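Residue numbers for the sequence shown follow our numbering, beginning at 26 and rising by one. No residue lacks a Cβ here, since even glycine has one placed at the ideal position from N, Cα and C. Bear in mind that the values here come from a model prediction, so they are computed numbers and not experimental data. In what follows, a structure is listed as structure tokens, so that the remarks can point back to it.
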Amino acid sequence: MKVHEFEGINSAIIGLAKFLLEEGTERKTRGNTCYEIPYPVVFKLNNPLARIVTIPERKWRNILPYVESLWLCSGRNDLAMVQYYLERMGDFSDDGKTMRAGYGPRFRFFQTDRKDYDVGFFRADFNRSAYVDQFKFIVNLLNSDSSSRRAVITIGDPSKDLFDLNGEVKITKDYPCTQNIQFMVNNGKLDVYVHMRSNDYMWGATGVNIFNFTYLQEIFGYLLGMELGAYYHIANNFHYYDRHKKKLEVLASISNVENEFHVYDRPFTSLEDFDAALAKLENFERGLRLNQLNYFPDFESNYFNDWARVLYAHYFPEKEIIFENPVLQKVVINKL
């Protein structure tokens with residue numbers, strides 16, 4: 026099996042578009058025409074920090090992956106936050122209130138019963154002893170044994186995904202595409218392996234998936250005090266829809282791109298500190314969205330300040346905003 030190797034997301038966008046156009050085979054699925062690779066696809070990013078799309082033709086919405094990363098890391102699956110930025114998310118909700126297969130609760134509040142998760146902004150009263158925080162597991166395991174091969178976050182959940190409360194095969198609009206994420210230390214660096222049953226090039230892989238999961242890799246690098254290694258993405262079915270074919274042709278024709286990145290000073294050293302800053306950021310986002318504040322608080326780290334600045338710029342595009350990360354300055358302020 027061939028591994029498609031790229032330096033960062035910009036090179037991956039172009040290389041994977043070429044690959045799909047050359048080898049994708051037509052398939053009809055749920056009333057749509059798509060083109061898929063009829064075998065598992067593996068690609069590698071040598072620099073997971075080079076995750077910000079700077080190709081204008083991709084028309085990447087920089088706000089979405091930052092909002093979704095906040096949503097996921099906070100352990101949420103409610104639509105209140107994420108649908109505000111991406112209205113069509115509601116089209117994939119069974120109840121119009123939550124994303125049934127949202128990864129957030131599976132990351133932070135995993136529980137094996139048949140009842141689907143409903144985790145929103147107010148979750149302070151949760152009895153955490155009744156749930157499994159998989160972030161905590163990864164940190165504790167690799168801190169105690171950096172050679173472990175058991176550092177896996179499980180997303181697919183048979184108890185919730187296969188059968189409904191009556192024992193019938195579940196009929197749902199939302200089934201998790203990502204099945205698990207494995208963290209492994211090789212040569213002193215933190216590698217990540219993401220396994221997906223199915224992955225769309227446009228909305229999934231190059232839209233939010235690569236960003237979200239390499240962002241997670243960076244977060245665990247800080248928590249563990251480790252340099253990042255490579256990012257591996259394994260999709261059993263990699264595809265694009267016919268409506269996006271012209272866009273892929275444009276992207277595949279591009280040559281000579283840079284894979285820009287930025288390295289922050291370590292912003293936190295424990296999961297407790299990370300969660301405290303994340304809760305502050307979550308409150309900040311909610312205040313912006315509900316039009317309850319118009320100022321920018323200091324998050325006491327350039328990493329979280331830049332994360333917050335992406336949100337702030339979305340609501341106050343007329344304000345002068347300076348990012349520490351020059352790539353964000355180019356993408357967000359110059360609207361690349």
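Taking its Cβ as the centre, do 16 or more other Cβ atoms sit within 10 Å of residue i, making it buried, or is it exposed?
{"i": "residue 188", "result": "exposed"}
{"i": "residue 257", "result": "buried"}
{"i": "residue 294", "result": "exposed"}
{"i": "residue 174", "result": "exposed"}
{"i": "residue 285", "result": "buried"}
{"i": "residue 242", "result": "buried"}
{"i": "residue 319", "result": "exposed"}
{"i": "residue 37", "result": "buried"}
{"i": "residue 268", "result": "exposed"}
{"i": "residue 247", "result": "buried"}
{"i": "residue 87", "result": "buried"}
{"i": "residue 237", "result": "buried"}
{"i": "residue 2", "result": "This structure does not reach residue 2, given that the chain is present from 26 up to 361, and the question cannot be answered."}
{"i": "residue 229", "result": "buried"}
{"i": "residue 93", "result": "buried"}
{"i": "residue 169", "result": "exposed"}
{"i": "residue 357", "result": "buried"}
Nearest to residue i by alpha carbon, out of the options?
{"i": "residue 51", "options": "266, 235 and 159", "result": "266"}
{"i": "residue 185", "options": "90, 158, 140 and 333", "result": "140"}
{"i": "residue 263", "options": "317, 226 and 274", "result": "226"}
{"i": "residue 200", "options": "193, 180, 209 and 208", "result": "180"}
{"i": "residue 54", "options": "358, 223, 231 and 274", "result": "223"}
{"i": "residue 46", "options": "62, 32, 34 and 57", "result": "62"}
{"i": "residue 204", "options": "190, 213 and 183", "result": "183"}
{"i": "residue 71", "options": "276, 142 and 216", "result": "216"}
{"i": "residue 59", "options": "270, 315 and 130", "result": "270"}
Rounded C-beta distance between residue i and residue j? I'm assuming under 8 Å.
{"i": "residue 128", "j": "residue 97", "result": "5 Å"}
{"i": "residue 351", "j": "residue 239", "result": "The Cβ separation is near 18 Å, so there is no contact."}
{"i": "residue 41", "j": "residue 164", "result": "Not quite, the Cβ-Cβ distance comes to about 32 Å (not below 8 Å), so this is no contact."}
{"i": "residue 219", "j": "residue 259", "result": "7 Å"}
{"i": "residue 4", "j": "residue 306", "result": "For the chain, the structure presents residues 26 to 361; residue 4 sits outside this window and is missing."}
{"i": "residue 79", "j": "residue 355", "result": "6 Å"}
{"i": "residue 253", "j": "residue 91", "result": "About 19 Å separates the two Cβ atoms, so there is no contact after all."}
For the beta strand (DSSP E) that contains residue i, what are its first and last residues?
{"i": "residue 60", "result": "57–62"}
{"i": "residue 254", "result": "252–260"}
{"i": "residue 52", "result": "50–54"}
{"i": "residue 203", "result": "203–211"}
{"i": "residue 221", "result": "214–221"}
{"i": "residue 30", "result": "28–31"}
{"i": "residue 178", "result": "177–179"}
State the start and end residues of the unbroken alpha helix (DSSP H) segment that holds residue i.
{"i": "residue 191", "result": "No alpha helix (DSSP H) contains residue 191, which DSSP labels as neither H nor E."}
{"i": "residue 339", "result": "327–340"}
{"i": "residue 91", "result": "88–98"}
Could you check whether residue j and residue i sit closer than 8 Å to each other, using their CB atoms as the reference points?
{"i": "residue 309", "j": "residue 292", "result": "no"}
{"i": "residue 334", "j": "residue 146", "result": "no"}
{"i": "residue 301", "j": "residue 324", "result": "no"}
{"i": "residue 157", "j": "residue 101", "result": "no"}
{"i": "residue 106", "j": "residue 65", "result": "no"}
{"i": "residue 194", "j": "residue 167", "result": "no"}
{"i": "residue 197", "j": "residue 125", "result": "yes"}
{"i": "residue 34", "j": "residue 75", "result": "yes"}
{"i": "residue 83", "j": "residue 353", "result": "no"}
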